[in-house]
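Novice: From first to last, the protein sequence lines are chains B, E, L, C, U and Z. If you read the first sequence in the numbering used here, its first letter stands for residue 327, the second for the next number, and so on. If you read the second sequence in the numbering used here, its first letter stands for residue 327, the second for the next number, and so on. If you read the third sequence in the numbering used here, its first letter stands for residue 327, the second for the next number, and so on. If you read the fourth sequence in the numbering used here, its first letter stands for residue 327, the second for the next number, and so on. If you read the fifth sequence in the numbering used here, its first letter stands for residue 327, the second for the next number, and so on. If you read the sixth sequence in the numbering used here, its first letter stands for residue 327, the second for the next number, and so on. Quick one: the structure is below, and I'll ask about it shortly.
6 protein chains.
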Amino acid sequence: MHVVVQEINRANPDIIKRLGAAGVANVHEAQGRTGLMHANMRPIQQGLSIAGPAVTISAAPGDNWMIHVAIEQLQAGDIMVLAPTAPCDMGYFGDLLATSAKARGCTAIVIDAGVRDTRDLREMGFGTWSTAVSAQGTVKETIGSVNVPIVCAGAAVNPGDIIVADDDGVCVVPLGNEEAVMAAAQARMDAEEGKRARLSSGELGLDIYNMRPRLAEKGLKYV
Amino acid sequence: MHVVVQEINRANPDIIKRLGAAGVANVHEAQGRTGLMHANMRPIQQGLSIAGPAVTISAAPGDNWMIHVAIEQLQAGDIMVLAPTAPCDMGYFGDLLATSAKARGCTAIVIDAGVRDTRDLREMGFGTWSTAVSAQGTVKETIGSVNVPIVCAGAAVNPGDIIVADDDGVCVVPLGNEEAVMAAAQARMDAEEGKRARLSSGELGLDIYNMRPRLAEKGLKYV
Amino acid sequence: MHVVVQEINRANPDIIKRLGAAGVANVHEAQGRTGLMHANMRPIQQGLSIAGPAVTISAAPGDNWMIHVAIEQLQAGDIMVLAPTAPCDMGYFGDLLATSAKARGCTAIVIDAGVRDTRDLREMGFGTWSTAVSAQGTVKETIGSVNVPIVCAGAAVNPGDIIVADDDGVCVVPLGNEEAVMAAAQARMDAEEGKRARLSSGELGLDIYNMRPRLAEKGLKYV
Amino acid sequence: MHVVVQEINRANPDIIKRLGAAGVANVHEAQGRTGLMHANMRPIQQGLSIAGPAVTISAAPGDNWMIHVAIEQLQAGDIMVLAPTAPCDMGYFGDLLATSAKARGCTAIVIDAGVRDTRDLREMGFGTWSTAVSAQGTVKETIGSVNVPIVCAGAAVNPGDIIVADDDGVCVVPLGNEEAVMAAAQARMDAEEGKRARLSSGELGLDIYNMRPRLAEKGLKYV
Amino acid sequence: MHVVVQEINRANPDIIKRLGAAGVANVHEAQGRTGLMHANMRPIQQGLSIAGPAVTISAAPGDNWMIHVAIEQLQAGDIMVLAPTAPCDMGYFGDLLATSAKARGCTAIVIDAGVRDTRDLREMGFGTWSTAVSAQGTVKETIGSVNVPIVCAGAAVNPGDIIVADDDGVCVVPLGNEEAVMAAAQARMDAEEGKRARLSSGELGLDIYNMRPRLAEKGLKYV
Amino acid sequence: MHVVVQEINRANPDIIKRLGAAGVANVHEAQGRTGLMHANMRPIQQGLSIAGPAVTISAAPGDNWMIHVAIEQLQAGDIMVLAPTAPCDMGYFGDLLATSAKARGCTAIVIDAGVRDTRDLREMGFGTWSTAVSAQGTVKETIGSVNVPIVCAGAAVNPGDIIVADDDGVCVVPLGNEEAVMAAAQARMDAEEGKRARLSSGELGLDIYNMRPRLAEKGLKYV
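Below is the structure:
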């Protein structure tokens, strides 16, 4: 029942890079406001924006054995995404595992649980998004799976899905949708550029978006 | 039932500036330990202290339409204060709306909900206190009100009330009380200055405040 | 019933210093994964690692009187550890009390409640770990105790126990165990050093720890 | 600064009774989806629906002195509404205070804090809505106010406002609005009666409310 | 992008009935400790055990429009499973919608959000599991989807998956696995029957499961 | 390091019985408002009041192996008290373990984690106080200890301490204090009896406790 899927598909690196530059809010909007992880998935560092293919990890609560297994499956640019099979805030991941993952070209983890050695992780520049910070140690007794579908912080993640993460949180782009999502994100950013200039000059959203008639129709009164 | 109140009273800018310099803890104490928002109202930046008149926004959950409406009502120095009509952690506010608000001289928002584009907001220096960070998009379908009484993070806020915000959180000074509160805050700060010097030199609060007799009377035993 | 214990034992300062350098994750592992405070005990600053003997404070909810009492008992290097007798997120501690504690050589507090004046505390370099940030003022009406056993953020703390705190949280080493714990922590760190080098060079934990046979035995399938 | 307001206005008992029969969901809808307390305000009993004028209590955290003061102000049918000035889950209220309140004709309390003696309260039939159950004792050291505006579980409450409470939670009807709100609630209930019959017979809301064209216009596809 | 899938597969009703009788804990164990919703998914009634095919609903936060759409798709025995696209505790569902669903033979809902009219729902015997009770009204402005994959309270649910719910919570059995899961659950229950008799007679699990050697090997000391 | 202490002291059964009859609120007050577990420790049944000696269990997160070990140590009337070494809401305990414990005369558990088979537990009359209800299965891989000091839901518990539990929560009486605590609780109950009669007749606490002068002195104004 517990498996390690060794071959997964990954999206084109150029698109992945562009999704990372677009950022979580844009990408989330561009795909119809879906794919966002819960707001308690927070970065331990500030100012980092990344994107990469998900190597998914399904792990027992308080057991980080599968991270060792997953590291062997990592390719450069991959992002580990771990979901425990029951809610758990223990410290699954720290600087030794990060050193090992980094040696394979992975530079980020998204984990619906705790991490530790956070100062080391920040110094290493290893991008870390977690739902807790905790030094609480885990065991290596129960197996799980690597590269199977998981639910992480409320979002469904399949292996190879593109993870986009920045200071606002984490968003998941289903593999296969990346071109369409990036096109929509680009269109959105292009449109925003013009709007930003107009708003910056003092023009109002009420006028740019022609909201006044609809507000009046809904019954808004100015007094 | 839903209204935009276009004229509100604002306190004297000099007093507002002094309240901002006094800071949240002082102001909260000076007005009898009232007016503080809940501890989950947190800044997204560090080291910023501000004060300004509240332009209040009552918005439907997951609907940021009223922010566009509110921006037209902003004057230089105003602070937007938004409370959804039901608890909601979605991302009501980001860099485009901040750009628009900034164009009118508003440089801060206090919101009992989520914000996004937090890196951009920090880079813009747009002061942001919120109860969540979330990229989750909102809609523009249901109207609310601007400049009506609201309850934000447990504190009652009326339009024009003075908002004081810093790293410790957010406090509300009812409009009309600002002179008395500032006088009390100043007296408190003046007294603290002397105490700080004495404490810094090693004198004990037990002696400065003459606490020993009352502690003994209450039954405290030294063993 | 309420007492101030004036004489407590303290561990050797050299061991304390070494425990602080070892850090929370190492120390927690070295003593069998015990002694860790809950993950909601968080630092208000980043990058600070400390250790010191606990001066414990049992205080009534919303009442910081006992901190004044405790400060008289502080010796250089001590860490105040405060637990309210019921959960409370009010702001027990701020810059004035920190000034007083600092005058006695204490440079840190661990508190299962709120703190305020957080910007000042950071500027003073006064190490602060708390479960809340809140400007909410406390009273001085009900006595408690100093240097009695307490439970702080889920961890039992006796006076003189060694507190280790860093970006990962707070761990308690029972007084008397410090030599054994430090020895175990040192052994762990020495072992980690070698492993870090091997992992950094691309060797896998699966091989270093010889995990493959046991994974196979548990039924893990590679597909 | 701390006051007991001895004279407050109360609404007509017949309207109050009808609001109680209409229930929280109806009343909340009838007044434009406002006035609802947060979802963590829960009854300790099941199946009780009540309404009554609010006697408001502003109390210090962990201090129930003001309940004694408030009880003297109670008239038959009143409901006590208590908000601590900072979040607190201690047990402010139990069977002795309920006995005293009951002697004055008050049979319910709504409290943004803890209660205790819950089995006794249920046996007495004393309606209790709270945000916590806790035996934790409170003190009588700090004064507060009675019959002043408060914020309770996120809702603004003025003395004399009509409190409606049932298994769904607690809603506040501002004094003076009760006739209009009750009329709207009655209209809503009358309309619901017809709809309930039609829905019960198998007719669909899609048809009763003519939703299909608007759904199609929004782009909903049936596949 | 938003769709209503009108044809879904459903499992054999006999197996579904047996899964309901086996209960959540058994079924969850039988499928390898997977499929359980988070512990905050709680029943509003006590003592009810059910099972049925999922009709899934993806709805915007604070918008219950899609429930009307979903009801048309219900067949006798179905269970509605609703997940908002962002966390939301508003009251999506009450007695009118339950009346409508019941008219089509549906007698239960599982919802990662709030419900209201809870007393009525209990009196109707309409099985309700939710993450909140709230009277807060929702709107009908934004469309979603029916019978698409969703994540509900941390569990992935596909249309037609078998939902098992009782006082312990809610578990999801993927459609297609029901025979194997039921066989495993039955084996587990059969084995438990014998164990229950032995345990009831005073025999120890330590002996029944032959745990003593392994405990000794792990180092457990009796003192 | 992990031990099972086989001999513990237990208090006199008569005193234990009287403490159970006094109830949590009385006992907690009688021992100076100490010993109460956090308010999230809740009963799964209603109306049950118990007391008994604690058999303590320190267990790894998500691992219930030590419950089997502890059951062998149970004597009639004992109450199991389990604390995981890190926060965990998984379902450690269900009807089979309850059957086994009951066979040894134990009829209650207090657990800072989850339980399952809650309907069965209620039907068996097995008193259960927990911080979660969850069917999530646990493993038997990591050893812990029995009858060692633990911290359970914020309260320190030593083996043999008297546990008092009812609808209000759980309180711990340190072994050796039971006579003094019961005497104080009895005195409190006797005094309450007289007060209850006076309060019931309409006399006010303000007068019974002579509060008016002190309120005036504190500055309370009647307006």
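All residues carry an ideal CB built from backbone N, CA and C; glycine is no exception.
(1) Quick one: is Y418(E) buried, meaning 16 or more other Cβ sit within 10 Å of its Cβ, or exposed?
(2) First and last residue of the beta strand (DSSP E) that includes G440(U)?
(3) Beta-carbon separation of S456(Z) and A434(Z) under 9 Å?
(4) In the DSSP assignment, what are the bridge partners of I488(B)?
(5) Output the residue ranges of the beta strand (DSSP E) runs that lie fully inside the stretch 389 to 467 of chain L and measure 3 residues or longer, sorted by chain position.
(6) For the alpha helix (DSSP H) holding A365(E), just list the boundary residues, first then last.
(7) Pull up the DSSP beta-bridge partners for Y318(E), would you.
(8) Could you tell me the alpha carbon to alpha carbon distance between V472(E) and K544(B), rounded to whole angstroms?
(9) Give me whichever residues DSSP pairs with S384(U) in a beta bridge.
(10) Which term fits K547(E), buried or exposed, when burial requires 16 or more other beta carbons within 10 angstroms of its beta carbon?
(11) Please report the residue range of the beta strand (DSSP E) in which A482(C) lies.
(12) Which of the three DSSP states, helix, strand or coil, is assigned to I342(Z)?
(13) Pull up the CB-CB distance for V499(C) and D487(C), whole angstroms please, since I reckon it's below 8 Å.
(14) Hey, how far is the Cα of I405(U) from the Cα of Q357(U)?
(15) At least one CB of chain U closer than 9 Å to the CB of M392(E): is that the case?
(16) Give the interface partners of M327(B) over in chain U, defined as CB-CB distance under 8 Å, in chain order.
(17) Output, in chain order, the set of chain L residues within a Cβ distance shorter than 8 Å of T468(C).
(18) Taking DSSP as the reference, what is the three-state secondary structure of I370(B)?
(19) At 8 Å on the CB atoms, spell out the chain C contacts of D415(L), in chain order.
(20) Just checking: is the beta-carbon of A351(E) within a distance shorter than 9 Å of some beta-carbon in chain C?
(21) So which residues on chain U does G420(Z) lean against when the C-beta distance must stay under 8 Å?
(22) Quick one: Cα of Q399(C) to Cα of G431(C), how far?
(23) What's the call for Q462(C), buried or exposed, on a 16-neighbour Cβ count within 10 Å?
(24) Identify the continuous alpha helix (DSSP H) that holds R524(U) and give its terminal residues.
(25) Does chain B have any CB closer than 9 Å to the CB of G545(L)?
(26) Tell me, please, which residues DSSP counts as bridged to I476(Z).
(27) For a contact meaning CB atoms closer than 9 Å, what does K343(B) contact in chain E?
(28) Verify the CB distance criterion: does G373(U) have a CB-CB separation below 9 Å to chain C?
(29) When you compare the CB of L525(C) with every CB in chain U, is at least one pair closer than 9 Å?
(30) Using CA atoms only, rank isn't needed, just tell me which of P387(C), V496(C) and V474(C) is closest to N366(C).
(31) Candidates A458(E), L501(E), A510(E) and L423(E): which alpha carbon is nearest I527(B)'s?
(32) Give me, in chain order, the residues of the same chain whose beta-carbon lies closer than 6 Å to that of A348(U); leave out the 5 immediate sequence neighbours on both sides.
(33) By the three-class DSSP mapping on this structure, what secondary structure does N352(E) have?
(34) Assign G297(C) to one of three DSSP states: helix, strand, or coil.
(35) What residues from chain U crowd round A482(B), counting only those whose CB sits closer than 8 Å?
(36) Of all Cβ atoms in chain L, is any one closer than 9 Å to the Cβ of P379(C)?
Specialist: Let me lay it out:
(1) With 16 or more other Cβ atoms inside 10 Å of its own Cβ, Y418(E) counts as buried.
(2) A434 to V441 is the span of the beta strand (DSSP E), which, as asked, contains G440(U).
(3) Cβ distance not < 9 Å, so S456(Z) and A434(Z) don't count as in contact.
(4) DSSP output for I488(B) lists P379(B) and V499(B) as bridge partner(s).
(5) 405 to 410, 417 to 419, 434 to 441 and 453 to 459, all fully within the stretch 389 to 467 of chain L.
(6) Element bounds for A365(E): n/a, residue is neither H nor E.
(7) Given that chain E is displayed from residue 327 to residue 549, the structure contains no residue 318(E) and the question cannot be resolved.
(8) In a straight line, the C-alpha of V472(E) is about 15 Å away from that of K544(B).
(9) For S384(U), which the question treats as bridged, DSSP gives the partners A409(U) and S471(U).
(10) It counts as exposed.
(11) Under the DSSP assignment, A482(C) falls in the beta strand (DSSP E) whose first and last residues are A481 to V483.
(12) Of the three classes helix, strand and coil, the one that applies to I342(Z) here is helix, per DSSP.
(13) Yes, V499(C) and D487(C) are in contact; Cβ-Cβ is about 6 Å, under 8 Å.
(14) Straight-line Cα distance between these residues: approximately 20 Å.
(15) Not one chain U Cβ lies under 9 Å of M392(E).
(16) G358, listed in chain order.
(17) What T468(C) touches in chain L: V465 and E467.
(18) Coil.
(19) Residues of chain C passing the Cβ test: A412 and P413.
(20) No, A351(E) does not count as interfacial toward chain C.
(21) Chain U residues near G420(Z): A351.
(22) Approximately 11 Å between the Cα atoms of the pair.
(23) Buried is the call here.
(24) Following the DSSP letters along the chain, one finds R524(U) inside the alpha helix (DSSP H) bounded by residues E504 to S526.
(25) Chain B contact via Cβ: present.
(26) For I476(Z), which the question treats as bridged, DSSP gives the partners V483(Z).
(27) Within chain E, no residue comes near K343(B); the closest Cβ sits about 18 Å away, beyond 9 Å.
(28) Not an interface residue.
(29) Chain U contact via Cβ: present.
(30) The residue from P387(C), V496(C) and V474(C) with its alpha-carbon nearest to that of N366(C) is V496(C).
(31) Residue identity check: residue 527(B) is Ser in the sequence provided, not Ile. Ranked by Cα distance from S527(B), the options A458(E), L501(E), A510(E) and L423(E) are led by L423(E).
(32) When the five nearest sequence neighbours on each side are left out, the beta carbons in the same chain lying within less than 6 Å of the beta carbon of A348(U) are those of A511, in order along the chain.
(33) Look at N352(E) here: in three-state DSSP terms it is helix.
(34) Nothing about residue 297(C) can be reported from this structure: the residues present for chain C run from 327 to 549 only.
(35) Those are P475, V477 and A482, listed as they occur along chain U.
(36) The beta carbon of P379(C) sits no closer than 9 Å to any beta carbon of chain L.
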